[in-house]
Structures are given as structure tokens and as C-alpha cells.
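Engineer:
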Amino acid sequence: MSELANNYYRNLVLSIKCRKARNLIIMAKPIFVLAIIETIANNQDNNNMFQYEGELKQRYSSYCKIYKCTAPYYYPFYHLEHDGFWHLCWREGVVMDCKSNKYLSENIRFGYLDMSFWQLLQKEDNRDYFKSLIINNFSL
């Protein structure tokens, strides 16, 4: 993968917008990206289709325990789409809205990364780089 792509996704990852609540920064989205990277490392044959229920959800929960994040899973799964590299595939005819965990579970087919980012993360050294970038930038 080109240096240009690496820099592009580095900038997007560093620009992840984290919500503030009660003077605390909610780190759900960076933690979710760590969970995506770990899921790719352990299951490279998912064809860039991350089911709402499954391994990604379990990894996110594990990381939340480590980093003491209480944001529900549906929050980053839905809201990361606004950061430029994560996308959602909705069931046909569904109104795209984040009402609840149940709503997303019933109406999302899967989430996926930009294909260029997905390809970049197929290499272990790139996964390690982005994990370190997230951990260091977001003080996890």
C-alpha cells in the first residue's frame, strides 16, 4: 500500500471525533477501531464485512473493560460512520437512524471499512502501527 494511503488513513484516524459528557471525553470510537483491527488480525477472511453481532462486539466489550469505557456498542458502530472510513450497510427500506442497540441489531446488515484501509490493515506491521497510533494519540 502506498505511503499516500497510509498518511491519508493516519490523518483520518487521528481526526476521530470523540464526544464529551460530564467533562469526560468518551473514547468509544478509538476503542472500537482497536477492536476492528484486532478482529482483522484474528479473522482475515471476513471479507471486510463486520456483522453487528459477533466477534467485533465481543472484542469491543473486552477493550471497554480494559479502558473503562461504558459507552454502549451501538454508539461507535453507528457514529464512527461520520469519521470518513467506516460505513454501514443497512437492510433494504430501513430508515438510517441510531435509536437503540435493538434497532441497529435488527436493521444493519454489516459495517465495513474503506477498501483501501481494509487492504492496508491486512499487513501485521500496518495493524501494529495503527494500534500504536490510536493508543498514543488518544492516551489509552
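Numbering (this note's numbering) for the sequence shown: 375 to 514. All C-beta atoms in this analysis are idealised placements derived from N, C-alpha and C, irrespective of residue type, glycine included.
1. Using 10 angstroms around the beta-carbon of A395, count the other beta-carbons present and answer buried if the total reaches 16, otherwise exposed.
2. If you reduce the DSSP assignment to three classes, tell me which class A395 lands in.
3. How close, in whole Å, do the beta carbons of L430 and I508 come, if the pair is a contact with beta carbons under 8 Å?
4. What's the gap between the Cα of W460 and the Cα of I410?
5. DSSP beta-bridge partners for L386?
6. Within its chain, find whatever has a CB closer than 7 Å to the CB of Y441; leave out the 5 residues flanking it on each side and keep chain order.
7. Using a Cβ-Cβ cutoff of less than 8 Å, which residues in the same chain neighbour W464 once the five nearest sequence positions on both sides are dropped?
8. Determine the direct distance from the alpha carbon of L378 to that of S490, and round the result to whole angstroms.
9. Let me check one thing: in DSSP terms, what residues is L462 bridge-paired to?
10. In this structure, how does DSSP classify F512 when only helix, strand and coil are distinguished?
Structural biologist: Working from what's here:
1. Residue numbering aside, residue 395 sits at position 21 when the sequence shown is read from its first letter. Flag for A395 reads exposed.
2. The sequence position of residue 395 within the sequence shown is 21, counting from 1. The answer is strand: DSSP assigns A395 an E or B state.
3. To locate residue 430, count along the sequence shown from 1; it is residue 56. To locate residue 508, count along the sequence shown from 1; it is residue 134. With 8 Å as the limit, L430 and I508 do not qualify as a contact, their Cβ atoms being about 16 Å apart.
4. Against the sequence shown, residue 460 aligns to sequence position 86. Against the sequence shown, residue 410 aligns to sequence position 36. For W460 and I410, the distance between alpha carbons rounds to 10 Å.
5. The sequence position of residue 386 within the sequence shown is 12, counting from 1. L386 is bridged by DSSP to nothing; it lacks a bridge partner.
6. In the sequence shown, counting from the first residue as 1, residue 441 sits at position 67. The answer, listed in chain order, is M401, I405 and L514.
7. Residue 464 sits at position 90 when you count from the first residue of the sequence shown. The answer, listed in chain order, is M470, N481, I482 and R483.
8. Residue 490 sits at position 116 when you count from the first residue of the sequence shown. Residue 378 sits at position 4 when you count from the first residue of the sequence shown. Note on geometry: alpha-carbon atoms of S490 and L378 lie some 11 Å from one another.
9. Counting from 1 along the sequence shown, the entry for residue 462 is found at position 88. L462 is bridged by DSSP to G485.
10. Taking the sequence shown and counting its residues from 1, the one referred to as residue 512 is at position 138. Residue state, collapsed to three classes: coil.
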